[in-house]
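Engineer: The numbering used here numbers the first residue of the sequence shown as 25 and each following residue consecutively. Using N, Cα and C, we set each Cβ at its ideal position, and we do this for glycine too.
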Amino acid sequence: KGGRKLALRPEGTAAVIRMYVNEAKVLSKPLRWCYLSDCYRYERPQKGRYRQFWQFGAEQIGADTPAGEAEIILLAYEMLKSTGVRFELHIGHLAPMKHILSELSDADRKAVMALLDKKNFEDLKKYLEGINAAGLYDSLIKLIECKNIDEAIELCNNCGVSSDMPDKDRMKELIAIIDSQKIDYKLNLGIVRGLDYYTGMVFEGFADNLGAENQILGGGSYRLAHLFGGDDTATCGFGIGFDRVMVSLGEVRPASSPTVAVVYTSDVAGYAFTAAKELRSAGINTELNLLDRGIGAQMKYAAKTADYAVVIGAREAEAGTITLKDLKSGEQKECTVADAVKVINS
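#1: Along the chain, where does the alpha helix (DSSP H) containing SER204 start, and where does it finish?
#2: Counting contacts by CB-CB distance shorter than 8 Å, is GLY116 in contact with chain B?
#3: Quick one: any contact between the segment 202 to 220 and the segment 96 to 107, if contact means 3 or more CB pairs under 8 Å?
#4: Locate the beta strand (DSSP E) running through ASP88, then write down its first and last residues.
#5: Taking GLY229 as the reference, give the member of ASN212, PHE145, THR223 with the closest Cα.
#6: Measure the alpha-carbon distance for GLY261 versus LYS29 and round it to whole angstroms.
#7: Alpha carbon to alpha carbon, how far is ASP147 from ALA48? Give it in angstroms, no decimals.
#8: What ranges does the beta strand (DSSP E) occupy inside the segment 78 to 147, keeping only unbroken runs of at least 3 residues that lie completely in it?
#9: Kindly indicate the opening and closing residues of the alpha helix (DSSP H) around MET270.
#10: Among residues of its own chain, excluding the 5 on either side of GLU93, which ones have a beta-carbon nearer than 7 Å to its beta-carbon?
#11: VAL284 and ILE368: beta carbons closer than 8 Å?
#12: Which residues in the same chain as PHE297 place their Cβ atom closer than 8 Å to its Cβ, once the five residues preceding and following it in sequence are excluded?
#13: Who are the Cβ neighbours of GLY36 in its own chain at under 6 Å, not counting the five residues just before and after it?
#14: Taking DSSP as the reference, what is the three-state secondary structure of VAL335?
#15: By Cβ distance, which residues of its chain are closer than 8 Å to LYS71, with the 5 residues on each side in sequence left out?
#16: Thinking C-beta only, is ILE41 closer than 8 Å to GLY116?
#17: For ARG56, name the three-state secondary structure that DSSP assigns.
#18: Does LEU51 come out as helix, strand or coil in the three-state DSSP assignment?
#19: Residues in the same chain with beta-carbon distance under 7 Å from LEU351, minus the five sequence neighbours each way, listed in chain order, please.
#20: For PHE252, count the other beta carbons within 10 Å of its own beta carbon; 16 or more makes it buried, fewer makes it exposed. Which is it?
#21: Who does GLN356 pair with in a DSSP beta bridge?
#22: Return the chain-ordered ranges of every beta strand (DSSP E) run that is complete within the segment 288 to 328 and spans a minimum of 3 residues.
#23: Helix or strand or just coil, what does DSSP make of MET189?
#24: Measure from the alpha carbon of ALA362 to the alpha carbon of each residue in CYS180, ARG247, ARG304, then state which is nearest.
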């Protein structure tokens, strides 16, 4: 247009880093930014894969540490988990693979990593044979099959490359932090990622009900600021495919949380509102009676809409308690709101 080359935005990371370089270099680090943006791809549309799509992203700028990388991974994990989508998280690192391929030319290394990214192992073997590096094939396959970091380090120490593998301690520290949080993940040192700019830690997430196009999360550590005139700044982040998450959720019945109906007499409305506030603060779906109904009518309505009834009359208000009734079993007991929260959430 007007002699200029224009492009539709393919992803959000570059725009965020450009904004950092132009507007935020002087801010205290680390920076934690997020965005939701429409992006575009020129590919054949498929289920959950559209030419225009929405990407949620988070970027952490200026924390060149395993702790910073762990924070980003855990944020992505907790975000996806909170949606109710069923997914598998894969965590990897490029250092072992780059070490195994370190004696190849840049062009050959990029070609090999592109084949690994596509999981095209047949062509990978042919390519390595064609450049007289057939011995690397077994090392790469063994790396992909590694179950822990120590196994990968041992493999790299014996792969025939003379130099030591970089980032060994960094990888171990990152995985130690992740393991301390007891999350479900799979170590996958075969992750390459389709974008060239990742430098170390990488991770991906896959929904279990989207078929071949099942990736809903991708991220890692990278350095892009210098390309826009900034310093060589360590950054890590991720993108979540919003459309794919919604498609996946459309086929998953979300886990339902208990609903509580607060049943009360009009003379204790203030106490009932206080109890409802405590229940809601604990994350419990809570319904207050807002109509001029008697206790019997309120209980009849609660039986249709709720799992538990919190019954409050003058006696409970005076004692600082409530009566909690399980509307499925019929069991009930008098207790504090705090104790009721424990029962409802158990």
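Structural biologist: From the atom records:
#1: What you label residue 204 is simply residue 180 of the sequence shown in a count that begins at 1. Element bounds for SER204: 192 to 204.
#2: Note that chain B does not occur in the displayed structure, where there is just one protein chain.
#3: Output reads yes: the segment 96 to 107 touches the segment 202 to 220.
#4: Taking the sequence shown and counting its residues from 1, the one referred to as residue 88 is at position 64. Careful: ASP88 lies outside any beta strand (DSSP E) and carries neither H nor E.
#5: Taking the sequence shown and counting its residues from 1, the one referred to as residue 229 is at position 205. The shortest C-alpha to C-alpha distance from GLY229 to any of ASN212, PHE145, THR223 is the one to ASN212.
#6: Translated into positions along the sequence shown, residue 261 becomes position 237. Translated into positions along the sequence shown, residue 29 becomes position 5. Roughly 28 Å separates the two Cα atoms.
#7: Here residue 48 corresponds to residue number 24 of the sequence shown, with the count starting at 1. Here residue 147 corresponds to residue number 123 of the sequence shown, with the count starting at 1. Rounded to the nearest angstrom, the gap between the Cα atoms of ALA48 and ASP147 is 45 Å.
#8: If we require 3 residues or more, the beta strand (DSSP E) runs fully inside the segment 78 to 147 come out as 111 to 117.
#9: Taking the first residue of the sequence shown as position 1, residue 270 is located at position 246. MET270 -> alpha helix (DSSP H) spans 266 to 274.
#10: In the sequence shown, the residue the question calls residue 93 occupies position 69. Closer than 7 Å at the Cβ level, and outside the excluded window around GLU93, lie LEU198, MET225, SER245, CYS260.
#11: For this step, residue 284 is matched to residue 260 along the sequence shown. For this step, residue 368 is matched to residue 344 along the sequence shown. Cβ distance < 8 Å, so VAL284 and ILE368 count as in contact.
#12: Taking the first residue of the sequence shown as 1, we reach residue 297 at position 273. By the criterion of a C-beta distance shorter than 8 Å, PHE297 is surrounded in its chain by LEU312, once the five residues flanking it on both sides are discounted.
#13: Start at 1 with the first residue of the sequence shown, and residue 36 comes out as number 12. Around GLY36, the same chain offers TYR59, SER61, GLN79, GLY81 as residues with beta carbons nearer than 6 Å, after the five sequence neighbours per side are excluded.
#14: For the purposes of this step, residue 335 is taken as residue 311 along the sequence shown, with counting starting at 1. The DSSP-derived three-state label of VAL335 is strand.
#15: Translated into the one-based positions of the sequence shown, residue 71 becomes position 47. Listed in chain order, the non-local C-beta contacts of LYS71 below 8 Å within the same chain comprise LEU234, GLY235, GLU237, VAL271, local neighbours out to five positions each way being set aside.
#16: Position 92 of the sequence shown, counting from 1, holds the residue named residue 116. Position 17 of the sequence shown, counting from 1, holds the residue named residue 41. Against a cut-off of 8 Å, the Cβ pair of ILE41 and GLY116 comes out as no contact.
#17: On the sequence shown, residue 56 is found 32 positions in, with the first residue counted as 1. Three-state DSSP puts ARG56 in a strand.
#18: Stepping through the sequence shown from its first residue, residue 51 is reached at position 27. Correct three-state label for LEU51: coil.
#19: Taking the first residue of the sequence shown as 1, we reach residue 351 at position 327. In its chain, beyond the 5 residues on either side, ALA326, ALA327, ALA330, ASP331, TYR332, ALA333 have a beta carbon closer than 7 Å to the beta carbon of LEU351.
#20: Taking the first residue of the sequence shown as position 1, residue 252 is located at position 228. The C-beta of PHE252 has fewer than 16 other C-beta atoms within 10 Å across all chains shown, which makes the residue exposed.
#21: Your numbering for residue 356 matches position 332 in the sequence shown. Residue pairing by DSSP places GLN356 opposite LYS349 in a beta bridge.
#22: Runs found: 309 to 312.
#23: Here residue 189 refers to the residue found at position 165 when the sequence shown is read from its first residue. The three-state reading of DSSP puts MET189 in coil, since its state is none of H, G, I, E or B.
#24: Here the question's residue 362 lines up with position 338 in the sequence shown. Looking at the Cα atoms, ARG304 is the closest of the given residues.
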